[in-house]
Amino acid sequence: MEARQIAFQLESVGISLGPLRMQIEKFRNASEEWHTYIDSLETVKPSLVRLLNDKMMSVEKAFLKPTGLPGRPLVHHLAFAPSEFDRYDVKGFPVFSDLLYYINKLPPDSQMQGWRNLRFYLSDLVLAIKTATTTLALP
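Using full-length UniProt numbering, the first residue of the sequence shown is number 1, and each one after it goes up by one.
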């Protein structure tokens with residue numbers, strides 16, 4: 001399922017992607033500042049290298065959910081993970097398409113729990129991106 005189809009279906013049931021888009025934009029800006037800072041360094045002390053590496057590891061850890069993704073407790077990365085239907089095709093935010101697939105297969109009167117799971121995932125994702133953005137704050 002394409003990103004536009006996913007966004008349309010989510011917004012048609014009242015699930016706003018506005019907070020997600022806003023956090024992605026903030027993360028993109030923080031990432032650009034991070035790269036500009038790294039490129040501006042002329043000499044780097046080992047202690048600074050350690051600090052920068054620790055920050056990068058913390059950014060990656062911000063995207064890990066200890067309990068796993070909805071329906072897949074062994075897959076922990078909120079942003080990048082294989083789709084449940086094509087394990088070789090890693091996409092960003094695969095849970096959206098996976099959950100929508102299952103929700104669409106349910107009768108309309110049984111879809112409430114699926115939408116609830118999707119809202120929880122969206123909330124977890126927004127929080128992870130916000131945490132990663134904060135972690136990227138320059139030293």
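Note that beta-carbon positions come from the ideal geometry of N, C-alpha and C, so glycine has one too.
(message) Is the separation between the beta-carbon of L99 and that of L118 shorter than 7 Å?
(response) Counted from its first residue, the sequence shown places residue 99 at position 99. Counted from its first residue, the sequence shown places residue 118 at position 118. Yes, the Cβ-Cβ distance between L99 and L118 is below 7 Å.
(request) Look at the alpha carbon of L69 and the alpha carbon of Q113, and state the distance between them as a whole number of angstroms. (result) If you number the sequence shown from 1, residue 69 lands on position 69. If you number the sequence shown from 1, residue 113 lands on position 113. For L69 and Q113, the distance between alpha carbons rounds to 15 Å.
(message) Here's a check: name, in chain order, each residue in its chain whose Cβ is nearer than 6 Å to the Cβ of residue 144, leaving out the five neighbours to either side.
(response) Absent from the structure is residue 144, since the part of the chain shown begins at 1 and ends at 139.
(message) Tell me the DSSP secondary structure of P107 in three-state form.
(response) What you label residue 107 is simply residue 107 of the sequence shown in a count that begins at 1. Three-state DSSP puts P107 in coil, outside helix and strand.
(request) Taking only the alpha-carbon atoms, compute the straight-line gap between F96 and F63 and give it to the nearest angstrom. (result) Start at 1 with the first residue of the sequence shown, and residue 96 comes out as number 96. Start at 1 with the first residue of the sequence shown, and residue 63 comes out as number 63. Taking C-alpha positions only, F96 is separated from F63 by approximately 15 Å.
(message) I need the DSSP call for H76, collapsed to helix, strand or coil.
(response) To locate residue 76, count along the sequence shown from 1; it is residue 76. Judged by DSSP in its simplified three-state form, H76 adopts coil rather than helix or strand.
(message) So, at 7 Å on beta carbons, what are the nonlocal neighbours of Q9 in its own chain, with the 5 sequence-adjacent residues on each side left out?
(response) To locate residue 9, count along the sequence shown from 1; it is residue 9. So the qualifying residues of the chain are L100.
(message) For residue 148, which residues in the same chain have their Cβ closer than 7 Å to its Cβ, ignoring the five residues on either side in sequence?
(response) Absent from the structure is residue 148, since the part of the chain shown begins at 1 and ends at 139.
(request) Below 8 Å on the Cβ atoms is my guess for H76 versus K65; work out the distance and round it to an integer in Å. (result) For the purposes of this step, residue 76 is taken as the residue at position 76 of the sequence shown. For the purposes of this step, residue 65 is taken as the residue at position 65 of the sequence shown. Yes, H76 and K65 are in contact; Cβ-Cβ is about 5 Å, under 8 Å.
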